[in-house]
Amino acid sequence: MTHRPAASFILLSYCQEDTIAESVQSLLDQDCEPIEIIISDDASTDGTFEKIKQLAESYSGPHRIVARRNDTNMGVNRHIEHAIALAASDLMIWTAGDDRNAPNRAQRVIDSHRLTGAKLLYSDAETIGPDGEPGENTYRRALFYKGFSTEDAATAFSLYLGATAAWHKDLYRKYGGFPKDRAYEDLILGFRALLEDGLHYIPEKLVIYKEDVGISAQLTKKISTLTNQERRARMLKGQLAVLEQRLADATTFGLADSSPVVRKMTQAAGKIRARLDFYDGIGAVLASRHYGWGAKLQGIASEGMRRLRNR
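Rendered as structure tokens:
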């Protein structure tokens, strides 16, 4: 493939040897114009990459296949950024090593992008539980399945199902990368695309999504070994990282500090900082100059009640 492909379909994997073969095959079976397929493994310690190599080497279809492995584990956000640099197309369709894709997913995304020029496209999914039972479709509660309010999205922590996403490199070129850790990329990219008026929803089930078994679920299991206080602090730090990135992106876009969207995010970030400071002692909250008395009193009250309830 000497010309730029219509899309780069990117699969990121990590220690998913039980599901990787079906996921990779769903890319190789894409019924669409020639595309680039990048299968990138984040230094798995099991047999994931061996299965990837076997399938890639046996492929003889129209698509260009790139199968590669990181020398060391990068973590999700750095792995995404590395894959962006590898992609030959500006339009990137994303998937993971535990999900499957409808054979028409790539072409539906390509056609929709050509029609709308959207910077971020997402769809519905067929969800499956950990034991193969029908999923609960909880992703449908996310904001972008209801509407596109920038002010609502500013402080929302569920925008769309990231497993269904395709997006344009412009969202990366203009705004930069992602926080090193804690912040999920869909929470950042969705807000950027909304600022650019560049969202498009495809009301079709183009992904078969396994609930509670992916990389995010692996991280959740690790977090479950922490104390209540440690889990709470980690969650708050993640939310703060998202809000700080959104505030930076709002500035890049050109929103003034006085805009309702920026003010709402600034206030929300202050409240989270107060909650985090509470775990260093009430004195740390009272002494801070990074937020007002409303945030201080709310932070002390809410986190104090959580401590009393051991939550």
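Just so you know, we're using the working numbering here: the sequence shown kicks off at 44 and counts up by one.
All residues carry an ideal CB built from backbone N, CA and C; glycine is no exception.
1) Contact between the stretch 128 to 136 and the stretch 44 to 56: three or more CB pairs below 8 Å?
2) Would you mind sorting D141 into buried or exposed? The rule is 16 or more other CB atoms within 10 Å of its CB.
3) How many whole angstroms separate the CB atoms of G392 and A317, which I take to be in contact at a CB cut-off of 8 Å?
4) Could you name each continuous alpha helix (DSSP H) segment of 4 residues or more that falls completely within the stretch 103 to 151, going from the start of the chain to the end?
5) Considering just the uninterrupted stretch of the alpha helix (DSSP H) at P303, what are its terminal residues?
6) Can at least three beta-carbon pairs, one atom from the stretch 201 to 213 and one from the stretch 224 to 243, be found at a separation below 8 Å?
7) Taking the beta carbon of H106 as the centre, do at least 16 other beta carbons fall within 10 Å, making it buried, or is it exposed?
8) Put S361 into one of helix, strand or coil per three-state DSSP.
9) Is the beta carbon of E247 closer than 8 Å to that of D167?
10) So the alpha helix (DSSP H) Y334 belongs to, where does it begin and stop?
11) Output the distance between the C-alpha atoms of E124 and A208, rounded to the nearest integer angstrom.
12) Quick one: grab the DSSP three-state call for L232.
13) On the DSSP bridge assignment, give the partners of Y227 in chain order.
14) Helix or strand or just coil, what does DSSP make of D154?
15) Near E176, which residues of its chain fall below 6 Å by C-beta distance, leaving aside the five closest residues on each side in sequence?
16) Where Q272 and Q282 are concerned, what is the direct C-alpha to C-alpha distance, given to the nearest angstrom?
17) Ignore the nearest five residues each way along the sequence and tell me which others in T91's own chain have a CB closer than 8 Å to its CB.
18) Taking Cβ to Cβ, would you say Y334 is nearer than 8 Å to G347?
19) For T88, which three-state DSSP category applies?
20) Taking the alpha-carbon of V305 as reference, which of L286, Y322, F321 and D323 has the nearest alpha-carbon?
21) Rounding to the nearest angstrom, what Cα-Cα distance links G276 and A131 in this structure?
This is what the structure gives:
1) Taking 8 Å as the limit for Cβ pairs, the verdict is that the stretch 44 to 56 does touch the stretch 128 to 136.
2) Position 98 of the sequence shown, counted from the start, is the residue given in the question as residue 141. Burial call: buried.
3) Absent from the structure is residue 392, since the part of the chain shown begins at 44 and ends at 354.
4) Along the stretch 103 to 151, the alpha helix (DSSP H) occurs as fully enclosed runs of 4 or more residues at 119 to 129, listed in sequence order.
5) In the sequence shown, counting from the first residue as 1, residue 303 sits at position 260. For P303, the enclosing alpha helix (DSSP H) begins and ends at P303 to F321.
6) Using a C-beta cut-off of 8 Å, the stretch 201 to 213 makes contact with the stretch 224 to 243, since at least three inter-stretch Cβ pairs fall below that distance.
7) As a first step, residue 106 must be located in the sequence shown, where it is residue number 63. Buried: at least 16 other Cβ atoms inside 10 Å.
8) Lying before the first or after the last residue shown, residue 361 is absent from the chain, which here runs from 44 to 354.
9) Residue mapping note: residue 167 aligns to position 124 of the sequence shown, counting from 1. Residue mapping note: residue 247 aligns to position 204 of the sequence shown, counting from 1. A contact, by the Cβ cut-off of 8 Å.
10) Here residue 334 refers to the residue found at position 291 of the sequence shown. Looking at the DSSP string, Y334 is not in any alpha helix (DSSP H), and its letter there is neither H nor E.
11) For this step, residue 124 is matched to residue 81 along the sequence shown. For this step, residue 208 is matched to residue 165 along the sequence shown. One C-alpha to the other measures close to 15 Å.
12) The residue given as residue 232 occupies position 189 in the sequence shown. Residue state for L232 is assigned as helix, using DSSP reduced to three classes.
13) Numbered from its first residue, the sequence shown carries residue 227 at position 184. BP columns for Y227 are empty, so no partner.
14) Counted from its first residue, the sequence shown places residue 154 at position 111. Three-state result, D154: helix.
15) Here residue 176 refers to the residue found at position 133 of the sequence shown. Answer for E176: no residue qualifies.
16) Stepping through the sequence shown from its first residue, residue 272 is reached at position 229. Stepping through the sequence shown from its first residue, residue 282 is reached at position 239. Going from the Cα of Q272 to the Cα of Q282 covers about 15 Å.
17) Stepping through the sequence shown from its first residue, residue 91 is reached at position 48. If we look at T91 and ignore the five residues flanking it on each side, its Cβ neighbours are S56, Y57, C58, Q59, E60, I63, D84 and G140.
18) Working through the sequence shown from its first residue, we reach residue 334 at position 291. Working through the sequence shown from its first residue, we reach residue 347 at position 304. The Cβ atoms of Y334 and G347 lie no closer than 8 Å to each other.
19) One-based indexing of the sequence shown puts residue 88 at position 45. Three-state DSSP puts T88 in coil, outside helix and strand.
20) Along the sequence shown, read from residue 1 onward, the residue named residue 305 stands at position 262. Of the listed residues, the one whose Cα sits closest to V305 is L286.
21) For the purposes of this step, residue 276 is taken as the residue at position 233 of the sequence shown. For the purposes of this step, residue 131 is taken as the residue at position 88 of the sequence shown. The sequence given here places Ala at residue 276; Gly does not occur at that position. Computed Cα separation, rounded: 39 Å.
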